[in-house]
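These protein sequence lines map, in sequence, to chains A and B.
Heads up: the first sequence begins at 324 in my numbering, then just goes up one per residue.
Heads up: the second sequence begins at 626 in my numbering, then just goes up one per residue.
Every residue gets a Cβ at the ideal spot worked out from N, C-alpha and C, and that includes glycine.
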Amino acid sequence: MTRQFQVSGAPHVAPRTSVALVMLQVLIALAPGVAAHAWYFGPGILIQILLATVFALLFESLMLRLRNRPLKPFINDFSAVVTAVLFALCIPPQAPWWISCIGMLFAIVFAKHLYGGLGQNVFNPAMVAYVVVLISFPQVMTAWLPPASLAENSLGLMDSLVSILGGQPGTGWDAISRATPLDLLKNGIEAGQVMPDILRSPVFGVLGGLGWEWVAIWFGVGGLFLLYRRVISWHVPVSVIGSVLLFSLPFWLLNPEGNPMPLQHVFSGAILLAAFFIATDPVSGCVSNTGRLVFGAGVGIITLVIRRWGGYPDGVAFAILLMNMAAPLIDRYTRPRMYGE
Amino acid sequence: MKGSRIHHFHGGLRLRHNKKISCQVPVERPPLPEELTVPLLQHAGSAASPLIRVGDTVLKGQPIGFCEPSAAVHSPVSGTVMAIEDRPMSHPSGLPGPCVVIKPDGREQWVELQPVDDWLNASPEQLIDQIQHCGLAGLGGAVFPTHAKMRDARQRHIHTLILNGAECEPYISCDEMLMREQPDRIILGARILRRAMGAERVLVAIEDQMGAVHHALSRAAASSESKNITVVKVPMIYPEGGERQLVEVLTGLQVPAGGRPSDLGMVCQNVATAAAVAEAVTEGKPLIERYVTVTGNGIAQPRNLLALFGTPFSHLVESCGGYKPDVSRLVVGGPMMGFPVATDDNPVVKASNCLLALTADDVREPQAEMPCIRCGECARVCPASLLPQQLHLQVRNGLWDAAGEYGLSACIECGCCDLICPSHIPLVDWFRYGKGEMRTREREALASEQARKRFENREARLLRRKQERAEKMAERKKALKSKTAQQDRIQASITRAKSRVATPAGNDPSATGDGKNQ
């Protein structure tokens, strides 16, 4: 008896991975950093992540509906959740709820779906969102809380909820918000203070800001997990961190009193988060390995230039958006050599 | 360039090899099927023309189809030709083609075999002729006619013969079983091939997990009189058995783009081809059977069989205990590069190294594709160092010039990118389509180029003719003019004559004659 079979092209092997699995691993890798954040700066971050995720999925569903795309595969791919979490990690934990709403509107609607949805965005959606709210609402976006250990009265879950859902910074907020270590650093250097004096402030830890350095370290640990799982390649993190170290080293060697140590740069602000989680975004980054090295170096150097000479204490988001723009060009000039060519 | 050092090739994947399940029992012949369907198209090139007619009695090993420059086709059994008609023929296209249907008489009576008496002293050309007459083709799956490859090799300077025993696709174990069971025949075949092509050394590449095989082959190589045969273990990374990848792993050299290993002085042959060469030359046996792995989670008792060409797949499966109930796909070849068949009445042909029955759990659900997220994994695993995600966009959008520039034609369709893609994009399907489209376009471009040349030639011809006509016209006009001048002169002479007649003097006929002759 002749038997019939289904016909489908090779390879005849069940796939090993999926977009959802990739995104899920990114979320898992972010968990230790998020936990450290909550430990040092209170539970605000958890509420922000929840809020941003809800808004992100809302806008994602809306755009998928408008674009006549199936909801299920794209909601379940976790890409909007990753965007939401990365955005939430960038904003102050007590920021009012509408910051998340506006951020996700720009991330999901403008940066993602108006460019064609998953895989088509030129710019990293989370960074677009962060830069939009940073430029539009500078007062809210620069009001950071000190680590819990330094605060006279730290914010609990209820206080955070009130502050976030209240829609605007509470009256007590001004009193407890402090300049971030990078703010202090920038202002101090621009005021002509020397490094040892600046670092005497209690907000500094051993390598970066107090608390901040541990959040950064845990992001690094999560990043190593991604490397181990081969979700990301080593090229971008190594070149981001490497370029920050190399580029800041001569300044520090020439004038150690007027410039932070290279390692201080690495563990301050968003360098480690960006090196492992943001600059490694495949969609808006480079594809070839050489291209990734160039991309990462660009991110590192532009960040330092902004930190040193720009108007913002940290410049990672701007650096990433600028390099996003350059990515197609870099890819064009770093095409790998074909076999036998 | 030392044979012992192992190099690396770009990309590739470590796959679960699943070979053990089919290596548990020795290879056996299944019972004769009731009917054999031998396709006349089994190699690259066009179909052979049949040498027999319906109703003829054929002997085992008798040539039944021949095609220059492709390889001959022989009857796998003695019996009667029942039909010559289009039937499923285990071709990747899935299309039916001309087949010879033979009903075996069960006597297995051989045609008179004509081996080469003393191959050590035979001329290379004699050896190649023998191989051609015995219908040999590459048994690794590409079924390129062996004699054609050897003739090409003889024209270049070949120093190394590579015997490919690195069966890198999962599940397939027919070469491994052959190397275990017939190491002496493989080494003998290698020596014949080496002599026929004028190579100096032989490298036999096997996977590093084939311990027993290494032992058997090394012993066979040591005991044979000929020296300079080395058995090399290569790490098991798919698609290492690919010709280009294997050359790189063994020598560190890359075959030039668009070229062949013979450009580097090397020729690759499958180990099964070498064994068949030994049989063809020393015993005169034509190629009528091969080792076939019948395996997969859809088969009750996976194993290797020595199957006659033309045996229906269903017959092989029966010999392996039948299908398991949840079988859903039947593949000829390995899971990475094999092609699916719609029915199991397709026959075993020279290219059929493996029959793989898979269940729904083993394979990718069709139609679950997400957009590309440019993760670049495809480029990381591509053994041809291409950028599959770019090629995919180019093929999808019909950017053929860009696809050509990005090396679409260099894709070996190994399926690594396809398997690793988190968005489950059927990349290889796209590339196959793109290659076909580009070939068509090249053909069309060639045709239009020829048409343009024809048109230009015609224009030039017409122009030339016109010019010639104009020249002729001018000449004639000139002639006419001179004729008028001549007539004027005649007139003048007549007048003169008249005047002379008027004045009685001698006439001047020569003047008129001169004028006419002018």
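Item, Value
"Integer Cβ distance of residue 609 of chain A from residue 653 of chain A, believed to fall under 8 Å", "5 Å"
"Paired residues, beta bridge with residue 891 of chain B - DSSP", "B/785"
"Where residue 441 of chain A meets chain B, residues with beta-carbon distance less than 8 Å", "995, 996 and 998"
"Distance between residue 983 of chain B and residue 358 of chain A (C-alpha atoms, nearest Å)", "45 Å"
"Where the alpha helix (DSSP H) containing residue 1005 of chain B begins and where it ends", "1002 to 1006"
"As assigned by DSSP and simplified to three states, the class of residue 414 of chain A", "coil"
"Coarse secondary structure for residue 698 of chain B, derived from DSSP in three states", "strand"
"Spatial distance of residue 651 of chain A from residue 1012 of chain B (CA atoms)", "14 Å"
"Opposing strand residues paired with residue 929 of chain B [DSSP bridges]", "B/918"
"Proximal residues to residue 908 of chain B (C-beta, below 6 Å), its chain only, five neighbours per side dropped", "740"
"Residue 652 of chain B versus residue 912 of chain B - alpha carbon distance", "18 Å"
"Bounding residues of the alpha helix (DSSP H) (the contiguous stretch that carries residue 1048 of chain B)", "Note, residue 1048 of chain B: premise wrong, no alpha helix (DSSP H); not H, not E."
"Range covered by the beta strand (DSSP E) that runs through residue 431 of chain A", "No beta strand (DSSP E) contains residue 431 of chain A, which DSSP labels as neither H nor E."
"Environment of residue 1141 of chain B [buried if 16+ CB atoms lie within 10 Å]", "In this predicted model, residue 1141 of chain B has a pLDDT of only 44, less than 50, meaning its place in the structure is not dependable; the value taken from the coordinates is given anyway. Exposed: under 16 other Cβ atoms inside 10 Å."
"CB contact check: residue 335 of chain A to chain C, cutoff 7 Å", "Absent here is chain C; the protein component of the structure consists of chains A and B."
"Chain A within 7 Å of residue 626 of chain B, Cβ atoms only", "No answer about residue 626 of chain B holds up, because its pLDDT of 39 lies below 50 and its placement is not dependable."
"Nearest-angstrom Cα separation, counted from residue 454 of chain A out to residue 627 of chain A", "17 Å"
"Contact list for residue 1045 of chain B against chain A, beta-carbon separation under 9 Å", "338, 339 and 340"
"Cβ neighbour criterion (16 or more within 10 Å) applied to residue 755 of chain B", "buried"
"Interface residues of the stretch 955 to 976 of chain B facing chain A [CB-CB below 7 Å]", "955, 956, 960, 961, 962, 963, 964, 965, 966, 967, 968, 969 and 970"
"Chain A within 7 Å of residue 715 of chain B, Cβ atoms only", "no"
"Proximity below 7 Å, CB of residue 707 of chain B to CB of residue 664 of chain B", "no"
"As assigned by DSSP and simplified to three states, the class of residue 1120 of chain B", "helix"
"For residue 327 of chain A, three-class secondary structure by DSSP", "strand"
"Local Cβ density within 10 Å of residue 1074 of chain B, reported as buried at 16 or more and exposed below that", "exposed"
"Neighbour flag for residue 327 of chain A against chain B, beta carbons, 7 Å", "yes"
"Where the beta strand (DSSP E) containing residue 1200 of chain B begins and where it ends", "Residue 1200 of chain B cannot be examined here, being either before or after the span of chain B that is shown, 626 to 1143."
"Minimum Cβ-Cβ distance from residue 662 of chain A to chain B less than 7 Å", "yes"
"Pair within 7 Å by beta-carbon distance, residue 854 of chain B and residue 846 of chain B", "yes"
"CA-to-CA distance, residue 1048 of chain B to residue 488 of chain A, given in whole angstroms", "38 Å"
"Extent of the continuous beta strand (DSSP E) run through residue 964 of chain B", "964 to 966"
"Sheet register partners of residue 790 of chain B (DSSP bridge)", "B/831"
"Nearest-angstrom Cα separation, counted from residue 1122 of chain B out to residue 1131 of chain B", "Confidence in residue 1131 of chain B is poor, its pLDDT being 48 and thus under 50, which makes the residue's placement unreliable; the coordinate value appears in the next sentence. If I take the Cα positions, the gap works out to 9 Å."
"Proximal residues, the stretch 1002 to 1021 of chain B versus chain A, C-beta separation under 9 Å", "1002, 1004, 1005, 1007, 1008, 1009, 1010, 1011, 1012, 1014 and 1015"
"Own chain residues within Cβ distance below 7 Å of residue 507 of chain A, not counting five before or after", "521, 524 and 526"
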